[in-house]
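Going left to right, the sequence shown walks through residues 42 to 179 as the numbering used here numbers them. Inspection log for the structure reproduced underneath, given as structure tokens.
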Amino acid sequence: MSDWIAIGAMGVVAVGLPLVMMAMSAVLRPSVPEQGKSATYESGEVPTGTARVQFNIQYYMVALLFVVFDIETVLIFPWTVIYRSALEQGASLGTILAPMLLFIGVLVVGLVWAWRNGAVKWVKSPQANRRKTERQDA
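What follows is the structure in structure tokens.
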């Protein structure tokens with residue numbers, strides 16, 4: 042039996058099983074239409090207003106920077122684990138240290154760029170500033 046047959050069978054099962062399960066649940070479940078079932082559920086609260094809210098882009102910028110530097114930590118850790126053993130086996134300091142210094146240098150350049158462009162500077166939204174001035178005026 043070829044390896045491709047096993048891979049194909051696994052693909053058929055991976056696609057077919059969820060489809061069969063969805064079809065069976067559609068056939069077997071009771072259908073009791075009610076108005077409450079089609080209403081939007083917000084953690085037990087009655088939703089008010091529109092669902093279209095503009096979020097501050099800074100949330101996403103901070104999250105992206107966190108992911109980048111979190112991945113940096115994940116990539117530096119294995120390097121630190123093998124650093125000493127590579128030196129003991131006769132590898133030169135330059136061949137071990139240069140790629141990591143280049144990697145960290147690229148990340149530092151990216152951080153400086155993000156800092157200069159204001160990606161890490163927290164800016165309040167105009168709506169928050171308006172609320173603050175309304176409270177001060179009252």
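Where a beta carbon is used, it is the ideal one built from N, C-alpha and C, also for glycine. Note that the structure is predicted; figures quoted are calculated from it, not measured.
Mapping DSSP to helix, strand and coil, what is residue i?
{"i": "Glu75", "result": "coil"}
{"i": "Ala155", "result": "helix"}
{"i": "Ala160", "result": "coil"}
If you draw a straight line from the C-alpha of residue i to the C-alpha of residue j, how long is it?
{"i": "Ala55", "j": "Trp45", "result": "15 Å"}
{"i": "Asn97", "j": "Thr81", "result": "24 Å"}
{"i": "Gly49", "j": "Met63", "result": "22 Å"}
{"i": "Pro59", "j": "Ser84", "result": "28 Å"}
{"i": "Thr89", "j": "Gly77", "result": "16 Å"}
{"i": "Pro71", "j": "Ile123", "result": "59 Å"}
{"i": "Ile145", "j": "Gln130", "result": "24 Å"}
{"i": "Val68", "j": "Asp111", "result": "46 Å"}
{"i": "Met65", "j": "Gly57", "result": "12 Å"}
{"i": "Tyr101", "j": "Trp120", "result": "29 Å"}
{"i": "Val94", "j": "Ser79", "result": "22 Å"}
{"i": "Ser43", "j": "Val61", "result": "27 Å"}
{"i": "Gln99", "j": "Val108", "result": "14 Å"}
{"i": "Arg157", "j": "Ala104", "result": "17 Å"}
What does residue i pair with, by DSSP beta-bridge criteria?
{"i": "Glu129", "result": "Answer by DSSP bridge pairing: none, since Glu129 is not bridged."}
Taking 7 Å as the cut-off, is the C-beta of residue i nearer than that to any heavy atom in the ligand SAM?
{"i": "Leu142", "result": "The ligand SAM is absent from the structure shown, which contains no ligand whatsoever."}
Is it the case that the Cβ atoms of residue i and residue j are separated by a distance below 8 Å?
{"i": "Leu106", "j": "Val161", "result": "yes"}
{"i": "Leu134", "j": "Leu128", "result": "yes"}
{"i": "Glu113", "j": "Leu138", "result": "no"}
Any beta strand (DSSP E) of 3 or more consecutive residues that is wholly inside the region 42-114: With a minimum length of 3 residues, no continuous beta strand (DSSP E) run stays inside the region 42-114.
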